[in-house]
Each structure stands twice: as C-alpha cells, then as structure tokens.
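**Q**
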Amino acid sequence: MHRRFLDRGRLFLVGPVAVLGLLAAFAGCGGKAVDPTSVVQPEAALLKGLVSNVSGALRDGGARAEGLFTEGAAPTGADLAKYITPVVFSLEGEPEISGDSATLTVKMWKPSENPNAVDEYTEVGQTKWNAVKVDGKWRLKDVPLP
C-alpha cells in the first residue's frame with residue numbers, strides 16, 4: 511500500500527515536469543507569433559465576405575446590416591423581405607476593382623424545394639452589385655436582385 515502511494519507520487523510529479531519540459535522545448539520554435547488582426551486580407555476576399563453576409567445581416571438588422579451598405583442603400587420595406595427569405599448570395603469570379611469602387615457579379619441561391627435535400631441550393635439568378643470604399647472599408651452601394 512505504501513509502495514503504491516510512492517509510485518503514484520512519482521507519476522504525479524513526472525506528468526507536470528514532462529509537460530513543462532515540452533512547453534520549454536517548443537517555446538523557442540516558430541519565432542514571433544502573428545497577431546491575426548494585423549493580417550491584411552486581399553480586396554477580393556473582403557468583398558466576398560461582404561456579399562456572403564448580406565442575408566444574415568439584413569435578417570439580424572441593426573448595426574450589422576448598416577455596416578454592409580452605404581447610407582440609404584440597404585433594402586427596406588417590401589424589398590427587404592426578398593433579401594432575407596431563405597436565400598444566399600455568393601460572389602461569382604473575381605470582382606472588378608478600380609480604386610475605391612468595385613463591380614461584383616453576384617449569384618443568388620435559394621434552398622432546394624426537395625424536403626429530403628439538406629444543404630442543397632438552386633440558383634435563382636445572377637446580377638451585378640456595386641461597392642465603394644467608405645472610410646477604408648468596403649460597403650455595398652447598389653444591390654439589385656436578379
């Protein structure tokens with residue numbers, strides 16, 4: 511009985527010592543850590559994220575939706591329902607960027623009408639959206655439906 515206690519005691523000490531040893535060994539590897547907020551994203555990736563967030567942001571409303579559009583450009587009233595019904599928007603191809611403005615080819619998708627289909631979408635159509643940079647951030651200016 512006393513012997514087991516000593517074996518467990520050694521095991522109890524070996525575990526933390528081993529972990530500390532591994533941490534010390536890896537502490538110097540890899541150099542300086544990168545702050546993920548300092549990573550600059552390519553303009554196309556920023557615009558893709560902007561487009562893919564439209565439905566959810568409009569559904570949620572408030573500041574999240576306002577942050578995607580230039581002043582007065584967000585759909586309202588009866589038009590708003592067309593953007594937030596179960597639809598998804600995606601950027602097709604690369605945006606055409608010229609300075610602080612961009613033209614985006616956007617596809618609109620709706621969930622499949624097949625009740626057995628999960629995560630299956632049907633293309634509704636394609637249209638062009640316009641975006642502009644406002645205070646260094648991309649905002650949607652013109653977002654017609656297909």
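Under the numbering used here, think of the first position of the sequence shown as 511, with each following residue one higher.
Glycine is no exception: its CB is placed at the ideal position from the N, C-alpha and C atoms.
Can you name, in chain order, every residue of its own chain whose Cβ lies under 7 Å from the Cβ of glutamate 606, other than the five neighbours on each side?
**A** Within the same chain, glutamate 606 has close Cβ partners Ala612 and Thr613.
**Q** Quick check on valine 628: buried or exposed, where buried means 16 or more other Cβ atoms within 10 Å of its Cβ?
**A** Exposure of valine 628 is indicated by the presence of fewer than 16 other C-beta atoms within 10 angstroms of its C-beta.
**Q** Going by C-alpha to C-alpha distance, which of Thr615, Val616 and Glu630 sits closest to serine 622?
**A** Selected option, being the one with the closest Cα: Glu630.
**Q** In whole angstroms, what separates the C-alpha of valine 584 from that of threonine 632?
**A** Residue 584 is actually alanine in this sequence, not valine. Whole-angstrom Cα-Cα distance: 25 Å.
**Q** Rank Leu601, Asp589 and Leu556 by C-alpha distance to the C-alpha of tryptophan 619 and give the top, closest one.
**A** It is Leu601 whose Cα lies nearest to the Cα of tryptophan 619.
**Q** What are the start and end residues of each continuous alpha helix (DSSP H) run of 4 or more residues lying completely inside the segment 587–629, in chain order?
**A** 587–594
**Q** How about phenylalanine 599 and valine 564: are their beta carbons less than 9 Å apart?
**A** The Cβ atoms of phenylalanine 599 and valine 564 sit closer than 9 Å to each other.
**Q** Nearest-angstrom Cα distance between alanine 573 and isoleucine 594?
**A** 16 Å
**Q** What does the alpha-carbon distance come out to for the pair leucine 578 and lysine 638?
**A** 16 Å
**Q** So for valine 653, helix, strand or coil by DSSP?
**A** Valine 653: coil per DSSP, three-state reduction.
**Q** By the 10 Å Cβ neighbour count, where 16 or more other Cβ atoms means buried, how is alanine 588 classified, buried or exposed?
**A** exposed
**Q** Distance, Cα to Cα, lysine 651 vs proline 596?
**A** 22 Å
**Q** Name, in chain order, the residues that DSSP records as bridge partners for threonine 637.
**A** DSSP lists Val616 as the bridge partner or partners of threonine 637.
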